[in-house]
Amino acid sequence: MQALLKPDSGFEYQVRTQPQALAVMDEKHQISFRQLDEHVDAVVAGLKRAGLGAQDRIAVVAKNRYEMVVLLLAALRGGPVCVPINRRVSTDEMLWIIEDAQCVAVFADAQCAQALDAGLSAQIPQNLRFSLDEGESQWICFARWLEGQQGCSARAVLPLERAYLQIYTSGTSGRPKGVVLTHGNSLGQLTAILLSVDADFRAGESLYEALPLFHVGGVFASLWALNRGVSLVLRQEFNPQLTDDMMASGTVQHAALVPAMIQACLAVSQPNPAGYGKLKTIMYGASPISRPVLTDAVARYACDFMQVYGMSETHSVISALTCADHRQIVSAPECPLVASAGRAVAGTELSICDPLGHELATGEVGEIRVSSQHVMAGYWNKQSATEEAIREGQLCTGDAGYLDDNGYLFIVDRLKDIIVTGGENVSSLEVESALLQHPAIDDAAVIGTPHAQWGEAVTALIVSADPDLSSDDIQAFCKQRIGHFKVPKRIEQVAAIPRNAAGKILKNQLRQQFWEGQDRRVS
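If you're matching positions, the sequence shown starts at 1 in the UniProt record's numbering and goes up one per residue.
What follows is the structure in structure tokens.
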């Protein structure tokens, strides 16, 4: 008997049961589930009439907006594979991705359309270049094109191995790789979350999606919300004051943020006599949250918190630190779970392995490996890279960590971010965690820099508003919390720590200034 459950079955259920309810809201749109469903059908039918096949690729380059949701759902309904591109990369990088993915159509906002137009090859004809904004342009206006499309797409159950999404990794070394994700990956991810997390998402509520939709975290959160009947609230730019206002007013009951965004909201938040009584959940990822920030956020927002850990190659979530876990952290000041990434979600097995692939004992640090239905199909047109990443059915994450006796995962560092100083291994994340406990330090990044005697020196880049904060003060503070060999030998104040769209620190960018001209880079 053929299974009937699909990655968008929950969305289709909402269309049947609450068709007039709000599905997506952005600066220009307020769209019901029925309208969204009709627009998805129209896109699938229209692109098919234009000659696009189901496994063709379409590029989407824009900030968070309603049209991106339509194109994503169209891919799940049998339309072309969606290739969302980070809008913050250079035009040359965008063009490289479009060519590498062999995209046959491009959907872009007006600014990106103008930047891309001259560089697009003949593989993208003029009638398959769509502008998501109205106005003068040689590109086709997507809104007007959509009005002219009609059709009801088949609601067939598509093969689980069929691709629907191709996310490009951040390219921390060399060119980015296209991560091919399938219907089976999406269904496995949504099922795992449904069975594993305790966040109280209910139909008729709203989620503010601050994570970019060109990032797998944004895709996951959006699909999860729509399948649960929770409407998406999208904004093209993250604004901490607007975000805090939405959470205070009850416009949204849930928010998907990164810790840096939570901290930014706290910085602008004012005591609210009415409180944040309608806010239920703040979901975050990309990095753990420091205990002081979590304590302040719980005191201010009085809601549940949930952390998820994952990556593009696993369709986002591998493990979750649940709402119940966070309540335990807040109630017990010494609870170590504040540094944890939670436990594996349902249907996911985590192993900690040595470089030869042998599984290590509880508490031992090694590479985190993952077995799950939502591990990617592979890297686009990169067989050798795929074989290196997926070994004997396990995804090698490149992250170093360990499991405790209760199955909680603790991430020590990226394997390449381990600092080797004087023969000792130092986790940059551990040092960052210690630094962020200092009340005068707002943000921090730790890297290894060249040192003639030790090979690498532990170096901290910090953001602080305190002009009197000295390196001696910081080092003394750290010595009370971490081993002396882990204390930063070099400390520099910077205006800001560079991060990617997912909130992760761009350490390669930070290292470059220190390692330029060195014969050998130890990192």
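From the three backbone atoms N, C-alpha and C, an ideal C-beta is built for every residue, glycine too. On a predicted model such as this, the values are computed, not experimentally measured, just so you know.
The beta carbons of A74 and V40 sit about 5 Å from each other, so the pair counts as a contact at 8 Å. By a beta-carbon distance limit of 8 Å, A324 contacts D198. Their separation comes to about 6 Å. The C-alpha of P498 is placed about 35 Å away from the C-alpha of G229.
If you look at L165, you'll find it in the beta strand (DSSP E) that goes 163-168. Going by DSSP, F107 is part of the beta strand (DSSP E) stretching over 103-108. Only residues of its own chain outside the window of five on either side were considered, and among them F130 have a CB closer than 6 Å to the CB of I140, listed in chain order.
Looking at the DSSP output, H374 bridges to nothing. If you look at Y284, you'll find it in the beta strand (DSSP E) that goes 281-284. In the pairwise beta carbon analysis, the region 240-258 is classified as not touching the region 346-363: fewer than three pairs are separated by under 8 Å. Contact check between the region 117-134 and the region 273-292: fewer than three CB pairs, one atom from each, fall below 8 Å, which does not count as touching. For the 8 Å CB-CB criterion, P212 and A23 do not form a contact. In this structure, A260 sits away from E313, with a CB-CB distance that is not shorter than 8 Å. Annotation: the continuous beta strand (DSSP E) that includes E424 extends over 424-427.
Sequence-distant Cβ neighbours of R87 in its own chain, meaning closer than 7 Å and more than five residues away, are V61, A62, K63, C112, F214. When beta bridges are read from the DSSP output, Y276 appears opposite no residue.
Straight through space, the alpha carbons of G78 and L160 are spaced by roughly 12 Å.
Fully contained in the region 433-499 are the following alpha helix (DSSP H) runs of length 4 or more, in chain order: 471-479. The residue from Q126, E430, P355 with its alpha-carbon nearest to that of E367 is P355. Between L116 and T91, the beta carbon gap of about 6 Å places them in contact (Cβ cut-off 8 Å). Around the Cβ of T322, a 10 Å sphere holds 16 or more other Cβ atoms; the residue is buried.
The C-beta distance from I98 to V89 rounds to 12 Å, too long to fall under 8 Å, and the pair is not in contact.
Excluding residues up to 5 positions away in sequence, I167, S312, S316 lie with their Cβ nearer than 6 Å to the Cβ of V216 in the same chain. Contact between T182 and Y208 is ruled out by a C-beta separation of about 28 Å, above the 8 Å threshold. Collapsing the DSSP output to three states places L116 in a helix. The residue from G393, Q475, A496 with its alpha-carbon nearest to that of K486 is Q475. Listed in chain order, the non-local C-beta contacts of E364 below 7 Å within the same chain comprise I352, Y402, local neighbours out to five positions each way being set aside.
By the neighbour-count criterion, in which a residue is buried when 16 or more other Cβ atoms sit within 10 angstroms of its Cβ, V370 is buried.
The straight-line gap separating the alpha-carbon atoms of Q383 and G178 is approximately 12 Å. Where S196 is concerned, the enclosing alpha helix (DSSP H) starts and stops at 183-196. Distances from the alpha-carbon of R155 to those of A110, R175, V446, L76 put L76 closest.
Under the DSSP assignment, D41 falls in the alpha helix (DSSP H) whose first and last residues are 33-49.
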